[in-house]
Amino acid sequence: MGKYYIGLDGGSTYLKAALIGKGKVIDTMVRSTGIDNNGTARKIAAELCSRNSLSPSDIGYIMATGYSRKILEVADDDISEITAHAYGVRMTAPKEYRPGMIIDIGGQDSKIIYLDQSYGVKNFSMNDKCAAGTGKFMEVIAQILETTIDNVGPLSLKATNPCDINSTCVVFAQSEVISLVARKYDRCDILAGMHQSMAKRIIKMMKKTEKGVDILMTGGGALNTGLHHAFEEELMRDVYVAQYPQFNGAIGAALIASERG
Amino acid sequence: MTESIKHENLKQRQDKRFINKETQTAAKYLRRMKELSGAPEGMEPFYDTLERIYVDMEYIEKKPGQKTIGTYCVMTPPELIYASGAVPVKLCSGNYTAFSVGENIAPRDACPLVKAVAGFKQTGLMPIYEDCSIMVIPITCDCKKKIAGMLSDSCDIMTMHIPASRNDDDIDEYIRQLYDLMERLENVTGNRITYESLSNGFRKVGYAQYELSEFIRLKKQLPYLIRGSHAMAILNSSSYMPADVWGRALHRVNAALKKRIAEKKTVTSKKLPRILLTGSPIVFPNIKIPLLIEEMGGIVAGDETCMGERGLWDPAVITNDSFDGMIRALANRALRPCPCPTFADNSQRIYRLKQLIKENQIQGVIYHVLRGCLVYDHEYKRIEEELGKLGIPVIRLESDYNEEDIEQLRIRIEAFIELIKLKQAPEKAVAVRRSF
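Line by line, the protein sequences are chains A and B.
Note that numbering that gives the first Met the number 0 has the first sequence beginning at 0, numbered continuously upward.
Note that numbering that gives the first Met the number 0 has the second sequence beginning at 0, numbered continuously upward.
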């Protein structure tokens, strides 16, 4: 039995993988999901091994999570995203983080997970019927504003006067943004407005009665500094960002794998 | 003339579409239930009943000329209906097709159960509704009150006031209503309710309850002898079968379960997380939640719902064997032990849940809330708090009568089951030769 473990997070947009061993994250990798989930997963696992000079037999257990978790044949078992994220933060949360609440912004859904003091899942709520409040929404808006997803955050932080974006539907919000562009609003202000409206929408899913706990952002959406800022402003409190936010699910899956292997 | 023919054709076409959709949905859920592994012998009468009512769309089985009395809730005593020579049918509905019709009748925030009842009544196509000589509607919430008014347009109804508390005055008031109900039943059936016939009513229901208590005793056994979804099918069918017929069918299931003990046969050899299902009623074909729990690797080991075990759990206890004593026993049974959230003080429910958790070694509670069912939703907080003290995790699953939220429910249920599994000792992996 090997002493290394792989977590695979087959998301709607990207396939993420994490390699852990000796209680820490050794390597991570991300690929576009594409149409061949299974092939991509196999390749990514093989690459993780070769890049870290490991042989397949060094891998004790592989755990899959995410939308395509059930079809990843390379994995030994699968676990839901919620459990995976809750586990992931054990490794990725900053030391001072008191569990907790997790806000996970994925490509296709966003979720709030409530943890007890020992990082066990207490409850969760999720939005998965609708693209508003997800990474996909950011991508659509970035495209209209002729920028890329990586620049959305930094640009929005330059805003002086964030616009109001009130539509709760991604399609309507899109036309709202187009009309703001036509009225010559500043791109930075539009982006800041978008982050505010996303944050507001996600906060609505949240229980505000939780006391003495901190909030941690995970998922690809947490890479967006503008969105992080919007959450802090809307909640009027500090929000932590997980280390390797995009890989939090994969790391969580790997951690569960390490308990099995 | 041509206009009216056209109109008639349109109505006929619409009716046909309704029937098609209704029967297809019912057949699908019946099939999913049958596909779930581990069912004991003797399930056929229950499956057949659900099929008869929802797929074949027939009346309930009864003697020629026998009247059908429509009832809602556990607060209409079936003993009294049997005593009048009639047969009760419980009309609380879980029907997706009727719900979609009812959505245009009832307000948006009304609960799906009431919308489905409104839908069935509007179409006039559901035999068990159309066959009722009278519908008895205990007013357990605002939606029931308004639906009673709506139903009275096309059917003879009797509402029963359900008090907010259960002191002696409340019981006395309820007893007066039972005497009113008795008179209404006598008028409808033309039969006198006598000491003798009421005793017979008690015997019929008592027998069914005896078999149920035996069933619950067997169901508690570990490892499990039966799945909760199958138990739910049995309990749901009690709404559409005469109590004695149902009791006899359950007797055969009980015998099959005892045989399983003797043969050391169980549902599965795996350790399935034991879930207690409580909250708003689960009515066929809206059985998606118990099915999902068991399809995702859990077992519904406890059931505290009114179309499930609660419906027949509490027996009427006669302490004074006069006629009035029997009526009083019915009133006491309907109100005093009932854990329905219609009552202002409902510490009974907490007590009952704790009892079920202990008896069935429950590891997690799924709290079902039908959208718009405020009384159940209100109690969630209190129950979450109380069970939190016991270290029992609870999740609230809100849903209504459609299939759009199945994937969302599935992931929530799956994560909940994982949460319980992770508390148990992890399964160790078997060594594998790995290659990429």
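Every residue gets a Cβ at the ideal spot worked out from N, C-alpha and C, and that includes glycine.
Please read all numbers here as calculations on a predicted model, not as lab measurements.
The ligand NAD heavy atom lying under 7 Å from the CB of B/L334: Looking at this structure, you won't find the ligand NAD or any other ligand, since it has none at all.
A/G6 beta carbon less than 8 Å from that of A/G261: Nothing in the structure corresponds to residue 261 of chain A, since chain A is present only between 0 and 260.
Inter-residue spacing [alpha-carbon to alpha-carbon] between B/E397 and A/K183: 43 Å
Cutoff 7 Å; reference A/V212; Cβ partners in own chain excluding five residues on either side: If we look at A/V212 and ignore the five residues flanking it on each side, its Cβ neighbours are R97, P98, G99, M100.
A/D103: first and last residue of the uninterrupted beta strand (DSSP E) it sits in: 100–104
Bridge partner(s) assigned by DSSP for B/C131: B/T67
Nearest-angstrom Cβ-Cβ length linking B/A330 and B/F45, presumed shorter than 8 Å: Not really, about 30 Å apart at Cβ, beyond 8 Å.
Beta-carbon gap between B/P39 and B/V252 smaller than 8 Å: yes
B/I59 versus B/Y239: straight-line alpha-carbon distance, rounded: 6 Å
Neighbour flag for B/L352 against chain A, beta carbons, 8 Å: no
For B/P137, the residue or residues it bridges with in DSSP: B/M159
Simplified DSSP assignment, three categories, for B/K89: strand
Whole-angstrom C-beta distance between B/T139 and B/F17, which should lie under 8 Å: So it is not a contact: roughly 28 Å between Cβ atoms.
Near-chain B residues of the stretch 231–255 of chain A - C-beta to any C-beta below 7 Å: Within the stretch 231–255 of chain A, no residue has a Cβ that lies closer than 7 Å to any Cβ of chain B.
Test item: CB-CB of A/E233 and A/K199 under 8 Å: Taking 8 Å as the Cβ cut-off, A/E233 and A/K199 qualify as a contacting pair.
Per-residue contacts from B/L418 into chain A (C-beta, under 8 Å): T82, G119, V120
Status (buried if at least 16 other CB within 10 Å, exposed otherwise) for B/I412: buried
Given B/N235 as reference, the closest of B/I192, B/E195, B/I286 once Cα atoms are compared: B/I286
Cross-strand partners of B/H367 (DSSP beta bridge): B/G278, B/L396
Buried/exposed call for B/R165, threshold 16 Cβ in 10 Å: When all chains shown are included, B/R165 counts as buried.
Contacts around B/G307, its chain only, beta-carbon distance under 7 Å, and the 5 residues preceding and following it disregarded: M231, L234, I281
B/M149 - DSSP class collapsed to helix/strand/coil: It is helical.
Where A/S79 falls, given that 16 or more other Cβ within 10 Å makes a residue buried: buried
CB-CB length for B/G278 against B/A109, believed under 8 Å: B/G278 to B/A109, Cβ: 17 Å. No contact.
Partner residues on chain B for A/A44, Cβ-Cβ distance less than 7 Å: F435
Contact the stretch 73–89 of chain A vs the stretch 233–248 of chain A: 3+ CB pairs below 8 Å: yes
Chain A contact residues for B/E413, given Cβ-Cβ distances below 7 Å: S79
A/K23 and A/D57 closer than 8 Å at C-beta: no
Cross-chain neighbours of A/P55 in chain B, by beta carbon under 7 Å: R433, S434, F435
Interface residues of chain B facing A/I58 [CB-CB closer than 7 Å]: In chain order, R433 make up the part of chain B whose C-beta sits under 7 Å from the C-beta of A/I58.
Segment contact flag, the stretch 42–50 of chain A with the stretch 374–388 of chain B, C-beta cutoff 8 Å, min 3 pairs: no
Cβ neighbours of A/G10 in the same chain (closer than 7 Å, five flanking residues each side left out): T32, G65, Y66, G105, G106
Chain-order list of residues whose beta-carbon lies under 8 Å from that of B/E406 (same chain, five-residue window excluded): There are no such residues.
Simplified DSSP state of B/Y209, which is helix, strand or coil: helix
C-beta neighbour in chain A for B/P272, strict 8 Å: Not one chain A Cβ lies under 8 Å of B/P272.
Which residues DSSP lists as bridging A/I58, in chain order: DSSP lists A/Y3 as partners of A/I58.
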